[in-house]
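Below is one structure; the comments refer to it alone.
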Amino acid sequence: MHQLPQTLVSGLALGALYGLIAIGYTMVYGIVQLINFAHGEIVMIGGFGALTIHLWLPGSTPLGAALPLMLIGGALAAVAVATAAERFAYRPLRGAPRLAPLITAIGLSIALQQTVWAFYPDAKKPRLFPQFHGNAFELAGNIHLQRNDLFVLVAAPLCMIALGFFVSRSRTGRAMQATAQDPDTAELMGVDTNRIIVLAFAIGGAFAAVAAVAQGLRAGQISFEMGFILGLKAFTAAVLGGIGNIYGAMLGGVVLGIAEAAATTYIQNIPGMHQLGGAGWKDVWAFVLLILVLLIRPQGLLGERVADRA
Amino acid sequence: MTALLEVSGLRVAYGKIEAVKGISFTVDEGQIVTLIGTNGAGKTTTLRTLSGLLTPLDGTIRFDGHTLTGTPAHRIVALGLAHSPEGRHIFPRLTIAENLQLGAFLRKDTDGIRQDIQRAYDLFPILGERAHQAAGTLSGGEQQMLAMGRALMSRPKLLMLDEPSMGLSPIMMQKIKATITELKASGTTILLVEQNAQAALSLADRGHVMETGRIVLSGTGAELLHDESVRKAYLGED
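Just so you know, the sequences run in chain order L and R. Those letters in the first sequence? Residues 108 to 417, by the numbering used here. Those letters in the second sequence? Residues 3 to 240, by the numbering used here.
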């Protein structure tokens, strides 16, 4: 049990990262009922955007000073690609059968991976990403907070607060809620719903870039295929929290992150299960959790039952 | 009298099924015009096309000097044409106050918006009492009041009401009728779609009877109210 506080801290940091990506899935789904399976690749693009800025800056730039610029660069790249995907890949298919945009998303995901693989310098293997140097912070007794975890634990709440205020308080945010609830009627109010849809993709892209930088700092490297498993985990988090609900996405991310950390730490201690624990099995337990939630509460933790919307 | 709205030769189809088969009518400024007819006659399709939610196959729509055909719905509101849709379509998870504010989405005059919200509360006190509750918690009749109040928030030149009496108690219907009369008196032009022909014709300056996508009979409200075929088909008399 003495490992519990440390497990929670690590799990929370990982979960915040998943949550940031899950926001992108949930916002797009909430407004156009599309699972944007290329969203993991938007994260990857954000990572390479940030890396590009890092490579441009003089080698002597301290990471603390470079980070804001890397975040901006990553966000610009991710937002540009996400909104272009909406405009040129998804919008022409609006009103087409559900399967068409879904297959397009999968195709787009492969195309983005291969484009980076083929054209980004030396991207055929993972590329090194800058990392914080220096020791972890000691919070108490034996609990350590890694510097890269601190980054995501500060960035994710800031992003969530900003998004919460924007959606519930601003005029455009209210138009966004209206569009999610009833797009035709939102148009009748004078809301340009196409603009709102682009905005949802853009916000998802910006959050994806923050997550990509967090992931780069954590792993010390990024690769053209990093978006696959991250995207899958974040999609799981979005479903777990109740897809369409932004707070649900973050909650789902945190629950998933803590569950993974706990499974990694504890399952190997259960008699007879030592070979099912450890980091190698964490993805398995994450998806077991998803299956359990879908069986017990199909609408997700904060989701609304579809029947309520009739 | 100048025509505020001029529809001519309008045809609308869903896929291969033509729901509106070439209708023409005008709405003069300050008038109440009603389209009556049974379910499936094409009344709602007509309104949805006028407000830009549907694209016509053919025909022209002129409103206040603008040609609307091909204009997206969100721009049409800006020209002064508001549409309170069939089935109310309030935003269920936004509050009543937020629904009303969305009705004024394109307006910038904060003070005027606040006054108009107050006017909606005066008109329908229940909306004021429950201003900060989710609109989905309102009863059907209350939602109808909200939908009407919301459509008025854009200060439209022409207000299109689709089945405002649907699901209402007789007392509420009187209230809605009185409101429509009041709106007319204050200079709002109204295009009213109703299945309740009696109520609609007694309010209207002009009426058009629609059957399977065509206008089959037109006249003043009083003429249609006393027309034998109308009385038989729509007023339940034999």
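From the three backbone atoms N, C-alpha and C, an ideal C-beta is built for every residue, glycine too. All values derive from a computational prediction rather than experimental measurement.
Beta-carbon proximity list for residue i, same chain, < 7 Å, skipping 5 on both sides
{"i": "R/Ile78", "result": "Ser53, Gly54, Leu70"}
{"i": "R/Ala106", "result": "Ile115, Asp118, Met155, Ser156"}
{"i": "R/Arg90", "result": "Gln145, Gln146, Ala149"}
{"i": "L/Gly118", "result": "Gly364, Ile365, Glu367, Ala368, Ala369"}
{"i": "L/Trp224", "result": "Ala230, Lys231, Phe331"}
{"i": "L/Gly280", "result": "Phe273, Val274"}
{"i": "L/Asp415", "result": "The pLDDT assigned to L/Asp415 is 40, lower than 50, so where the model puts this residue is not dependable; a value taken from the coordinates is nonetheless given after this. No residues qualify anywhere along the chain."}
First and last residue of the uninterrupted alpha helix (DSSP H) at residue i
{"i": "R/Glu131", "result": "127-131"}
{"i": "L/Arg302", "result": "300-326"}
{"i": "L/Thr292", "result": "290-295"}
Residue i (DSSP reduced to helix, strand or coil)
{"i": "R/Lys177", "result": "helix"}
{"i": "L/Gly349", "result": "coil"}
{"i": "R/Gly209", "result": "strand"}
{"i": "L/Lys232", "result": "coil"}
{"i": "R/Ile92", "result": "coil"}
{"i": "R/Lys159", "result": "coil"}
{"i": "L/Arg194", "result": "helix"}
{"i": "L/Leu246", "result": "strand"}
{"i": "L/Asp415", "result": "Confidence is the limiting factor: at L/Asp415 the pLDDT is only 40, short of 50, which leaves the residue's position unreliable and the question unanswerable from this model."}
{"i": "L/Arg404", "result": "coil"}
{"i": "L/Ile377", "result": "coil"}
{"i": "R/Thr183", "result": "helix"}
{"i": "L/His240", "result": "coil"}
{"i": "R/Arg134", "result": "Before going further, note that residue 134 of chain R is His rather than Arg in the sequence given. Looking at R/His134 - three-state DSSP - the assignment turns out to be coil, as it is neither helix nor strand."}
{"i": "L/Ala225", "result": "helix"}
{"i": "R/Thr69", "result": "strand"}
{"i": "L/Ser216", "result": "helix"}
{"i": "R/Ala43", "result": "coil"}
{"i": "R/Asp164", "result": "strand"}
{"i": "R/Gly221", "result": "strand"}
{"i": "R/Leu7", "result": "strand"}
{"i": "L/Pro165", "result": "coil"}
Same chain, Cβ closer than 6 Å to residue i, neighbours up to 5 away in sequence not counted
{"i": "R/Gly24", "result": "Gly11, Arg13"}
{"i": "L/Ser330", "result": "Pro233"}
{"i": "L/Ala313", "result": "Ala182, Val186"}
{"i": "L/Met151", "result": "Met333, Gly334"}
{"i": "L/Leu246", "result": "Leu252"}
{"i": "L/Ala316", "result": "Gly153, Gly181, Ala182, Ala185"}
{"i": "L/Gly323", "result": "Gly154, Phe236, Ile329"}
{"i": "L/Ala417", "result": "Unreliable placement is indicated for L/Ala417, whose pLDDT of 31 sits below 50; no coordinate value is reported for it."}
{"i": "L/Val413", "result": "Residue placement at L/Val413 is flagged as unreliable, the pLDDT there being 49, under the threshold of 50; the coordinate-derived value follows with that caveat. There are no such residues."}
{"i": "L/Phe244", "result": "Leu252"}
{"i": "R/Ala84", "result": "Ala153, Ser156, Pro158, Leu161"}
{"i": "L/Leu121", "result": "Gly364"}
{"i": "R/Glu88", "result": "Thr46, Asp164, Glu165"}
{"i": "L/Asp256", "result": "Ala120"}
Strand pairing of residue i, partner residues [DSSP]
{"i": "L/Ile152", "result": "None, per the DSSP bridge assignment."}
{"i": "L/Gly365", "result": "Per the sequence shown, residue 365 of chain L should be read as Ile rather than Gly. Note: L/Ile365 sits in no beta bridge, so no partner."}
{"i": "R/Asp60", "result": "R/Arg13"}
{"i": "R/Val35", "result": "R/Leu193, R/Arg208"}
{"i": "R/Arg216", "result": "R/Glu213"}
{"i": "R/Thr97", "result": "R/Ala136"}
{"i": "L/Ile329", "result": "L/Arg234"}
{"i": "L/His251", "result": "L/Glu245"}
Residue span of the beta strand (DSSP E) that contains residue i, given as start and end
{"i": "L/Phe272", "result": "First-last for L/Phe272: 254-276, but that is the alpha helix (DSSP H), not the beta strand (DSSP E)."}
{"i": "R/Ala21", "result": "19-30"}
{"i": "L/Thr114", "result": "Per DSSP, L/Thr114 belongs to no beta strand (DSSP E); it is in the alpha helix (DSSP H), 111-139."}
{"i": "R/Leu55", "result": "Where R/Leu55 is concerned, there is no enclosing beta strand (DSSP E), given that its DSSP letter is neither H nor E."}
{"i": "R/Glu196", "result": "191-196"}
{"i": "R/Leu83", "result": "83-86"}
Beta-carbon proximity of residue i to residue j, cut-off 7 Å
{"i": "L/Arg370", "j": "L/Trp392", "result": "Reading off the sequence, residue 370 of chain L comes out as Ala, not Arg. The answer is yes: Cβ separation under 7 Å."}
{"i": "L/Gly297", "j": "R/His76", "result": "yes"}
{"i": "L/Gly360", "j": "L/Tyr125", "result": "yes"}
{"i": "L/Ala368", "j": "L/Thr114", "result": "yes"}
{"i": "R/Arg266", "j": "R/Ile92", "result": "Outside the shown range of chain R (3 to 240) lies residue 266 of chain R, about which nothing can therefore be said."}
{"i": "L/Gly349", "j": "L/Leu409", "result": "yes"}
{"i": "R/Gly221", "j": "R/Leu203", "result": "no"}
{"i": "L/Ala196", "j": "L/Leu176", "result": "no"}
{"i": "L/Ala263", "j": "L/Ala123", "result": "yes"}
{"i": "L/Tyr132", "j": "L/Gly351", "result": "no"}
{"i": "R/Leu193", "j": "R/Val9", "result": "no"}
{"i": "R/Asn198", "j": "R/Ser167", "result": "yes"}
{"i": "L/Thr190", "j": "L/Ala326", "result": "no"}
{"i": "L/Gly407", "j": "L/Val362", "result": "no"}
Chain-order list of residues whose beta-carbon lies under 8 Å from that of residue i (same chain, five-residue window excluded)
{"i": "L/Met283", "result": "Ile138, Val274, Ile303, Leu306, Ala307"}
{"i": "R/Thr51", "result": "Leu12, Val14, Val22, Thr57, Pro58, Ile63"}
{"i": "R/Thr181", "result": "Leu125, Met150"}
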